[in-house]
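Asker: Start counting the sequence shown at 323; every next residue gets the next number (this note's numbering).
Think of the CB as a built atom: it goes at the ideal place given N, C-alpha and C, for glycine as much as any other residue.
Quick one: the structure is below, questions incoming.
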Amino acid sequence: GVALRLAFLAMLALWMPGGCEAGPTEERTYRPEDTIDCVACDYVWSRIEMMIGDAQNEAQMLRTLRHVCGMAARTQIFYPACEDMLDMAYGMISDYMSNLPVAEVCVNSKLCRAAAEGGVY
Numbered sequence: 323g324v325a326l327r328l329a330f331l332a333m334l335a336l337w338m339p340g341g342c343e344a345g346p347t348e349e350r351t352y353r354p355e356d357t358i359d360c361v362a363c364d365y366v367w368s369r370i371e372m373m374i375g376d377a378q379n380e381a382q383m384l385r386t387l388r389h390v391c392g393m394a395a396r397t398q399i400f401y402p403a404c405e406d407m408l409d410m411a412y413g414m415i416s417d418y419m420s421n422l423p424v425a426e427v428c429v430n431s432k433l434c435r436a437a438a439e440g441g442v443y
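Structure, rendered in structure tokens:
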């Protein structure tokens with residue numbers, strides 16, 4: 323389930339540096355913290371999915387994103403990714419409301435790389 327996937331991604335953050343991309347649009351060399359940003363994205367959107375399911379209310383989704391990111395950012399390690407997600411909120415919400423899976427929402431936002439690009443997904 324979701325808990326197992328989150329545990330797996332947390333392990334990847336420790337053992338597989340460079341698996342995800344943190345910046346929303348720029349091309350750059352991958353760093354260990356990029357994997358953390360990918361894990362943060364997966365964690366936040368998995369929580370949103372558990373909390374509201376397939377809701378189609380943009381305002382509710384934005385409130386939930388702000389709430390979940392607010393909680394996750396308290397760890398400080400997820401703070402940069404949460405800032406990026408809040409900056410890209412409407413695009414990410416649009417992707418999610420289009421019934422894209424969490425993994426694709428994170429890849430489309432450039433917080434994660436697809437498996438074809440050497441990433442987690």
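1. Indicate the three-state DSSP secondary structure (helix, strand or coil) for I374 in the structure shown.
2. T386 and I374: beta carbons closer than 8 Å?
3. Does S431 come out as helix, strand or coil in the three-state DSSP assignment?
4. Whole angstroms are fine: how far does the CA of C434 sit from the CA of M407?
5. Is the beta carbon of C363 sitting closer than 8 Å to the one on A403?
6. So, are the CB atoms of M419 and Q378 less than 8 Å apart?
7. Let me make sure I understand the geometry here. Which of V390, S416 and M414 has the alpha-carbon closest to that of R369?
8. Looking only at its chain, what residues have a beta carbon closer than 8 Å to the beta carbon of D417, apart from the 5 residues adjacent to it on each side?
Answerer: Reading from the atomic positions:
1. The residue given as residue 374 occupies position 52 in the sequence shown. Correct three-state label for I374: helix.
2. In the sequence shown, the residue the question calls residue 386 occupies position 64. In the sequence shown, the residue the question calls residue 374 occupies position 52. The answer is yes: Cβ separation under 8 Å.
3. The residue you call residue 431 lines up with position 109 of the sequence shown. Of the three classes helix, strand and coil, the one that applies to S431 here is coil, per DSSP.
4. Translated into positions along the sequence shown, residue 407 becomes position 85. Translated into positions along the sequence shown, residue 434 becomes position 112. Distance between the alpha carbons of M407 and C434 is about 12 Å.
5. Residue numbering aside, residue 363 sits at position 41 when the sequence shown is read from its first letter. Residue numbering aside, residue 403 sits at position 81 when the sequence shown is read from its first letter. The answer is yes: Cβ separation under 8 Å.
6. Your numbering for residue 419 matches position 97 in the sequence shown. Your numbering for residue 378 matches position 56 in the sequence shown. In contact: M419 and Q378 (Cβ atoms closer than 8 Å).
7. Within the sequence shown, numbered from 1, the residue matching residue 369 stands at position 47. Taking only the C-alpha atoms, the option nearest R369 is V390.
8. Within the sequence shown, numbered from 1, the residue matching residue 417 stands at position 95. The residues are E426, V427, N430 and S431.
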